[in-house]
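First residue of the sequence shown? That's 66 in my numbering, and the numbers climb one at a time after it. The next block holds one structure in the form of structure tokens; read it before the comments.
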Amino acid sequence: MEHSADILRTNTALTTVGLDQNEIGEEGARHLADLLRTNTTITVLNISSNEIGGIGAQYLAESLRINATLTTLDLCYNHIGDEGTEKLADCLRNNTILTTLNLGSNAIGLTGIQHLADTSGSNTALTALNLSMNKIESTGAKYLAEALLVNKTLTTLDLNSNNIGDEGTVHLADALKINTVICSFIQVTFEIAHRFLSNRHLPHSLLTTIGFMTKEQYAWLMLCEPT
């Protein structure tokens, strides 16, 4: 990974880098973080499924405080946990460049989600956030719902497979009635779909897509399509 980072360091044309499933680990993440501190061309970086862990996420978070070009970062399936998520959340408070962040399947629990929710209230750049297949549950959904009440930039939020349950869905649905920015919301399970489709919890008129997913079933409901 060090050799690859050295090559990328001198490349002034490449804008998209895909290094998913390469077992770079936390050491590889460190070399990439060093690269991002000075690189001014890479806008999209995919390092999903690389076992970078919380320490690797911390390296990247530190570089994002400096980097001024990266707009899309895919970190799914990296086991960054709450510690790594906290570091990323802290750097996002002042980052005005990154617009798309994928943190799916990273063993993120309530502590990590709370930090992300706190950041989402003040971040003015992020438009798409994937938190699918983590450990958000109903309490974490409440944290995110509170953030959505003040966030004015996030348009897409993926919370698939998080055991949010009925209570968490109510919190999110109520927040979406007030948040008039988010237009694509990916949720979980047909069992709680009625919370969104009932008169009491019908989201705002700008919401165009809600997804309800289980392991066996997948469906899209198109709501209030713009005329």
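Built from N, CA and C at the ideal position, the CB exists for glycine as well.
Chain-order list of residues whose beta-carbon lies under 6 Å from that of residue i (same chain, five-residue window excluded)
i, result
"residue 189", "218"
"residue 178", "201, 205, 208"
"residue 104", "none"
"residue 237", "206, 210"
"residue 157", "184, 188"
"residue 81", "109"
Expected contact under 8 Å - CB spacing of residue i and residue j to nearest Å
i, j, result
"residue 141", "residue 195", "7 Å"
"residue 115", "residue 139", "Not a contact, Cβ separation roughly 10 Å."
"residue 76", "residue 117", "So it is not a contact: roughly 22 Å between Cβ atoms."
Terminal residues of the alpha helix (DSSP H) in which residue i lies
i, result
"residue 191", "Here residue 191 belongs to no alpha helix (DSSP H), and DSSP marks it neither H nor E."
"residue 79", "First-last for residue 79: undefined, no H or E at that position."
"residue 213", "202-213"
"residue 243", "230-243"
Burial state of residue i (16 or more Cβ within 10 Å)
i, result
"residue 207", "buried"
"residue 169", "buried"
"residue 197", "buried"
"residue 215", "exposed"
"residue 78", "exposed"
"residue 126", "buried"
"residue 159", "exposed"
"residue 223", "buried"
"residue 152", "buried"
"residue 83", "exposed"
Boundaries of the beta strand (DSSP E) in which residue i is found, first to last residue
i, result
"residue 296", "Coverage of the chain is limited to positions 66 through 292, which leaves residue 296 absent and any answer about it impossible."
"residue 220", "Counting along the chain, residue 220 falls outside any beta strand (DSSP E), and DSSP gives it neither H nor E."
Beta-carbon proximity list for residue i, same chain, < 7 Å, skipping 5 on both sides
i, result
"residue 148", "119"
"residue 243", "214"
Contacts around residue i, its chain only, beta-carbon distance under 8 Å, and the 5 residues preceding and following it disregarded
i, result
"residue 246", "216, 217, 218, 219, 220, 271"
"residue 131", "101, 102"
"residue 133", "105, 162"
Along the chain, which unbroken stretches of the alpha helix (DSSP H) at least 4 residues long are found entirely within the segment 126-168?
146-157
Note down, one range per segment and in chain order, each beta strand (DSSP E) of at least 3 residues found wholly within the segment 89-121.
109-111
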